[in-house]
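Each protein sequence line maps, in turn, to chains A and B.
The opening position of the first sequence corresponds to residue 1 in my numbering, with each subsequent residue numbered one higher.
The opening position of the second sequence corresponds to residue 298 in my numbering, with each subsequent residue numbered one higher.
Have a look at the structure below, then the notes.
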Amino acid sequence: MKSKESIMTQAIANFVCGLFALMALLPFILLIIASLTDNTWATANGFSFFPKKWSLDAYHYIAVQWDTIGRAYLMTLVVTAAGTAVSILITTLFAYAICQAEVPGMKLLSFLLIFTMLFNGGLVATYYTYVNYFHIRNTVWALIFPGLLMNAFNVILVRNYFTNSIPVSLIEAARLDGASEFGIFCKIVLPLSLPIVATIGLMTGLMYWNDWQNGMYYLTERGGGHLYTIQIILNNINENIQVLIQNSSSLGGMNIKMPSTTVRMAIATVGILPILIIYPFFQKYFVKGITLGGVKE
Amino acid sequence: MSTKSTAAAPAKQASRKKIRWKRILPFYLMALPGLIYIIINNYLPMFGIAIAFKKLNFKMGIWGSPWCGFDNFKFLFASSDAWVITRNTILYNIIFFLAGNIVAIAIAILINEIRKKFVKKLYQSLILLPFLMSWVIISYLAFTFLSAETGMVNNSILEPIGREGINWYQERKYWPFILVFINVWKGVGYSMIIYLSSIVGISMDYFEAARIDGATKWQQIRRITLPLLKPTLITLFILSVGQIFRSDFGLFYQMPRNSGALYPVTRTLDVYIYQALMKNNDYSMSSAASVYQSIVGFVLIIGANKLVKKYESSSSLF
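In structure tokens:
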């Protein structure tokens, strides 16, 4: 039996949630439409959900400029894949090690790890250390190493999973059979932990894909231009526009080559496309990552 | 005979020790890469805090440069910037927490009521979508709406109703609202999922019993759901108290597009530190601000955790 109240509840819930869902989606639709709008029309009439003149010029421009953009795409993929793989490896190894309560020193390691969540040297000290002692500027390491490779949060998630979900008896049995610790880790622990590995892997991959700050800190146009990822290119376009606006009065015709508005939207569209494509398939891991990480178990 | 046994004992002990080492050594090797990483990424920079107490000279490096005591901090706090960036950082964090959680709880409760599983999942996925994007991408999205010349808002909303277009990136008064809106828009999916998982965990028996007693939906939400979400809210609250001195650099750096006119309402500690360091190469100001942020942040986290331990020890962080 459907009561009047339950029909009301359904109506309100669907209306409000639908509204928010629409609000989340529409800006992306506008971005994609903007990238498909004729540039002259957009300049005259502004971006619109219903442009009167469509055009593929922006994508044609990207195809012509594929040297730069394709390279940036490749770079994004390489950095994301390499960073995520190494991150998963050192995160799970470290988490497995600090699970071993009987091994002396592991308590200290746990403390050292957790302390990194409470206190840090801040941007200036980190930047100075990486640039002056590790000479990371304009190397590919700048995109992989600082800040992203391992974080305490993920280690704790994995450690909790290990202690809660992997039967100790299984590991003991393998030990009695003479398996080495590394063998146990690779053949028993990791295969049993695929859900959590997928979850942190996806979150880490997303972080690498979306990162623009390391590029902004540690790469310069002249020395590190060949290392630019899509996000760094998008960020640089923003910065160059700001320079143009700030100097427009004093410098008149400054010589910064600026892609047209619709081309910028097209580059942004190309940057988010992979996320939009894989998201429906991996949605459940994203949700899991959030529920696991959001509230301490 | 007695000598024999005393000679055998150390040998036996030694071999046991050897076996023990062989057993635990692999674990140290496993921890090594991660340990090296946190030493490089987290612990070495902690020594760099010394920069804030030095008059940095690049030729001499950190340790060769002369100490200058608290001079850098004196300069920082003598400027009016120090007050503005601290105020912005703290106020925005408070508003973000309030607005973000109210919206997230409301949506979580409503989405939980939706019966059609497919629709529920679709809404949930869509609302989470902005969370997956970088702030650079979102600055592009915002630009399609807010650009003074080509923006959707000016061209398709304000002008058709006969209003003059607004120069969004120059007008200070709109930005507190824009920043709060965009931050909630991007983050609400994340907190909504956390709350939803707590709501799903509430036993159906409570609602069943309430329904039999004739409670309306609204009464069920007020008397059952909301009180049971309190622990989750408290945990999130402590986390954000600990973070109140940190701001989302991406949000405050990318959204206002570095527009100087907006600084008084958009510049936070992290943006200030970045600009002082990278744009002005001013190590003394940026390092002082950076250390100020680290130390106050540390004190706040410890304080928040102490408070929770006293109040509800099960949700303390460490």
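Using N, Cα and C, we set each Cβ at its ideal position, and we do this for glycine too.
For clarity, every value in this text was computed on a predicted model and none was experimentally measured.
Which residue from A/Ile32, A/Val155, A/Val79 puts its Cα closest to that of A/Phe111? A/Val155
Counting only C-beta atoms, is B/Asn339 closer than 7 Å to chain A at any point? yes
Can you check whether the C-beta of A/Pro191 is within less than 7 Å of a C-beta belonging to chain B? no
So the candidates are B/Phe393, B/Leu373, B/Ile535, B/Leu419; which of them puts its Cα closest to the Cα of A/Gly18? B/Leu419
Hey, B/Phe344 and B/Ala585: beta-carbon distance below 7 Å or not? no
From B/Ile391 to A/Thr40, what distance separates their C-alpha atoms? 43 Å
Residue ranges of each alpha helix (DSSP H) run of no fewer than 4 residues wholly in the segment 134–174 of chain A, ordered along the chain? 141–144, 152–165
Beta-bridge partners of B/Asn354, as assigned by DSSP: B/Gly358
Which parts of the segment 380–429 of chain B are runs of the alpha helix (DSSP H), unbroken and 4 residues or longer, counting only runs that do not cross its ends? 414–425
Against chain A, does B/Thr447 count as a neighbour if the rule is that its beta carbon must be under 7 Å from one of theirs? yes
How should A/Cys186 be labelled, buried or exposed, when 16 other C-beta atoms within 10 angstroms of its C-beta is the threshold for buried? exposed
Using a C-beta cutoff of 7 Å, does A/Leu77 count as contacting chain B? no
Residue range of the unbroken alpha helix (DSSP H) whose run includes A/Phe20: 4–35
Take A/Val103 as the anchor and find which of B/Phe324, B/Gln516, B/Val497 has the nearest alpha-carbon. B/Phe324
What are the boundary residues of the alpha helix (DSSP H) that includes B/Pro561? 560–563
Cβ of B/Ser453 within 7 Å of Cβ of A/Ser48? yes
Check whether chain B comes within 7 Å of A/Asn214, counting only Cβ atoms and requiring the distance to be less than that. no
Over the uninterrupted alpha helix (DSSP H) stretch that includes A/Gly46, give me the two end residues. Looking at the DSSP string, A/Gly46 is not in any alpha helix (DSSP H), and its letter there is neither H nor E.
Residues in the same chain with beta-carbon distance under 7 Å from B/Leu597, minus the five sequence neighbours each way, listed in chain order, please. Val538, Gly539, Ile541, Phe542
Could you compute how far the alpha carbon of A/Val158 sits from the alpha carbon of A/Pro280? 24 Å
With 16 other Cβ atoms within 10 Å as the buried cut-off, status of B/Asp545: buried
For B/Leu604, tell me which candidate among B/Asn354, B/Ile531, B/Leu423, B/Leu395 has the shortest Cα-Cα distance. B/Ile531
Any chain B beta carbon closer than 7 Å to A/Gly253: Model confidence at A/Gly253 stands at a pLDDT of 46, short of 50, so the residue's coordinates are unreliable and nothing is read from them.
On the CB-based measure, 16 or more other CB atoms within 10 Å of its CB, does A/Leu148 come out buried or exposed? buried
From A/Gly252 to B/Asn464, what does the alpha carbon distance come to, in whole angstroms? With a pLDDT of 47 at A/Gly252, under the threshold of 50, the predicted position of this residue should be treated as unreliable, and no value is reported.
Quick check on this structure: which residue in A/Tyr73, A/Tyr217, A/Val263 has the alpha carbon closest to the alpha carbon of B/Leu574? A/Tyr217
Given this structure, state the Cα-to-Cα distance separating A/Phe145 from B/Asn339, to the nearest angstrom. 12 Å
How big is the Cα-Cα spacing for A/Val64 and B/Ile592? 50 Å
Closer than 7 Å to chain A by CB, B/Ser453: yes
So A/Thr126 is in the alpha helix (DSSP H); what residue range does that whole segment cover? 122–128
Taking the straight line between their C-alpha atoms, what separation do you get for A/Ser55 and B/Phe442? 20 Å
Same chain, Cβ closer than 7 Å to A/Tyr285, five either side skipped, listed in chain order: Ala198, Thr199, Leu202
Anything in chain A within Cβ reach of B/Tyr389, meaning under 8 Å, just list it in chain order. Simply none; closest approach about 19 Å.
Return the first residue and the last residue of the alpha helix (DSSP H) that A/Gln213 is part of. 213–218
What residues in its chain sit with their C-beta under 6 Å from that of A/Phe153, if we drop five residues either side in the sequence? none
In whole angstroms, what is the alpha-carbon distance linking B/Pro427 and A/Trp209? 15 Å
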